[in-house]
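Since the structure comes first, as structure tokens, the remarks are kept for the end.
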DNA sequence: CTTGATAATGGAAACCATTTTCAATAGGAG
DNA sequence: CTCCTATTGAAAATGGTTTCCATTATCAAG
Ligand SMILES: [Mn+2]
Ligand SMILES: [Mn+2]
Ligand SMILES: [Zn+2]
Ligand SMILES: [Zn+2]
């Protein structure tokens with residue numbers, strides 16, 4: 034029978050099952066950790082958070098699961114230049130959450146932004162179309178990051 | 034006396050001396066290697082090319098020099114997702130050669146493009162201005178890469 | 001609810017690009 | 001030409017990520 038409260042299985046279960054993957058405690062826990070933060074976590078970060086919940090989950094599994102999630106398109110993997118990969122849930126139940134980044138080269142802070150994406154999308158589409166034709170290149174995604182000094186690092 | 038032929042000291046000598054750095058064989062050789070290619074070389078690539086000319090130059094020095102060149106602004110350092118940094122001369126005697134990249138996720142090919150940069154610059158400036166104000170963020174540079182399948186990987 | 005095939009896991013070891021160490025070398029000002 | 005010290009190169013260390021492989025757990029089938 035369906036549960037009395039409104040708590041059905043998390044929306045991402047279907048994504049795993051649909052892909053032919055098993056639903057496991059580590060996977061469940063890792064996605065949960067990612068879905069509860071807006072930060073850009075490293076594999077180690079995820080491991081530590083996950084470890085508080087199930088101390089037996091290994092770092093290897095965290096790496097494997099994150100890679101799987103990236104493959105599935107559920108997670109974005111970024112390199113902000115600090116020598117370790119950063120991971121972030123790519124979508125919620127509602128859909129994609131594509132965005133770009135401001136990276137502070139002083140303190141390493143990373144700011145998500147979607148504000149100016151409308152104007153950007155304009156040029157992006159134009160550019161992608163032009164480049165596709167010019168180089169006969171099938172564009173599937175893009176990476177846009179701005180570097181500089183953040184609020185806190187500016188004034189001082 | 035100045036040399037009889039038109040071969041003065043390479044234009045980048047001044048950049049080193051001006052920065053208070055010594056002009057050495059390894060540095061000379063490394064910049065030469067970079068200036069003779071339009072490819073995106075890894076440290077290992079540079080090392081191998083340099084090794085053919087002066088077999089005594091070490092990989093460590095290649096890393097150190099590339100880092101110095103990046104610091105000096107003479108070289109761009111990129112991450113195309115293959116686990117190693119890629120380097121490329123940022124300017125010639127004439128000036129900057131800033132550009133963006135198309136990265137083939139199938140074969141790893143990287144295409145430079147400057148063609149559509151005019152339209153891009155428009156939005157880029159707009160976006161940078163908007164973001165700067167909105168987040169009080171001092172933008173100094175940006176990274177733009179498009180991913181997809183190249184010419185060769187497309188048709189097949 | 002069992003069972004069984006096999007997908008998934010976790011600890012340890014391996015990988016591998018990059019960095020650090022440190023004694024030897026060489027650039028270039030004086 | 002000399003001397004100070006920036007620079008170099010070999011070897012070892014680092015540190016994030018992968019690989020190995022024996023053990024465990026998922027879940028379709030009965
Ligand atoms: Mn983000
Ligand atoms: Mn390039
Ligand atoms: Zn900052
Ligand atoms: Zn290709």
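Protein chains in written order, with this note's numbering: chain Z, 34 to 189; chain Y, 34 to 189. Even for Gly, the Cβ is constructed at its ideal location relative to N, Cα and C.
- Across the stretch 156 to 175 of chain Z, CB contacts with chain Y closer than 7 Å involve 156, 159, 160, 161, 163, 164, 167, 168, 169, 170, 171, 172, 173, 174 and 175, in sequence order along the chain.
- Distance from the CA atom of residue 182(Z) to the CA atom of residue 160(Y), rounded to whole angstroms, is 16 Å.
- DSSP links residue 110(Y) through a beta bridge to 120(Y).
- Per the CB criterion, closer than 5 Å to any heavy atom of ligand 4, the qualifying residues run in chain order as 137(Y), 139(Y), 140(Y), 142(Y), 183(Y) and 186(Y).
- Using a Cβ-Cβ cut-off of 8 Å, residue 144(Y) is close to 168 and 170 of chain Z, given in chain order.
- When C-alpha distances from residue 188(Z) are compared across 97(Y), 184(Y), 171(Y) and 180(Y), the shortest belongs to 171(Y).
- With respect to chain Y, the C-beta atom of residue 183(Z) has a partner C-beta closer than 8 Å.
- About 5 Å separates the beta carbons of residue 73(Y) and residue 121(Y), which is inside the 8 Å limit, making them a contact pair.
- As the crow flies, the alpha-carbon of residue 138(Z) is around 24 Å from that of residue 174(Z).
- For residue 78(Z), the enclosing alpha helix (DSSP H) covers residues 76 to 86.
- The DSSP assignment places complete beta strand (DSSP E) segments of no fewer than 3 residues inside the stretch 129 to 166 of chain Y at 133 to 137 and 143 to 146, in order along the chain.
- Taking 7 Å as the cut-off, one finds at least one heavy atom of ligand 2 near enough to the beta carbon of residue 145(Y).
- Two segments are said to touch when three or more pairs of C-beta atoms, one from each, lie closer than 8 Å; by this definition the stretch 61 to 75 of chain Z touches the stretch 97 to 117 of chain Z.
- Taking a beta-carbon distance threshold of 8 Å, residue 89(Y) does not count as an interface residue toward chain Z.
- For residue 135(Y), the residues of chain Z that pass the 8 Å Cβ criterion are 164, 168, 170 and 172, in the order they occur in the chain.
- Taking a Cβ-Cβ cut-off of 8 Å, residue 121(Z) has no neighbours in chain Y, whose nearest Cβ is about 16 Å from it.
- A straight-line Cα-Cα distance of about 11 Å links residue 93(Y) and residue 59(Y).
- Residue environment for residue 123(Y): buried (at least 16 other C-beta atoms within 10 angstroms of its C-beta).
- At least 8 Å separates the beta-carbon of residue 146(Y) from that of residue 102(Z).
- Contact check for residue 131(Y) and residue 143(Y): beta-carbon distance about 15 Å, past the 8 Å limit, so the pair fails to qualify.
- For residue 187(Y), the residues of chain Z that pass the 7 Å Cβ criterion are 169 and 171, in the order they occur in the chain.
- Chain-order list of chain Z residues neighbouring residue 179(Y): 161, 164, 172 and 175, by C-beta distance under 7 Å.
- In this structure residue 118(Y) is not in contact with residue 71(Y), their Cβ atoms being roughly 18 Å apart against a cut-off of 8 Å.
- Between the alpha carbons of residue 176(Y) and residue 112(Z) lies a distance of about 11 Å.
- The C-beta of residue 86(Z) has fewer than 16 other C-beta atoms within 10 Å across all chains shown, which makes the residue exposed.
- For residue 181(Y), the pairing in a beta bridge is given by DSSP as 172(Z) and 137(Y).
- Burial state of residue 45(Z) is buried, judged by a 10 Å Cβ sphere holding 16 or more other Cβ atoms.
- Proximity of the beta carbon of residue 73(Z) to ligand 1 is indicated: a heavy atom of the ligand is located closer than 7 Å.
- Collapsing the DSSP output to three states places residue 73(Z) in coil.
- For residue 121(Z), the distance from the CB to the nearest heavy atom of ligand 1 is below 7 Å.
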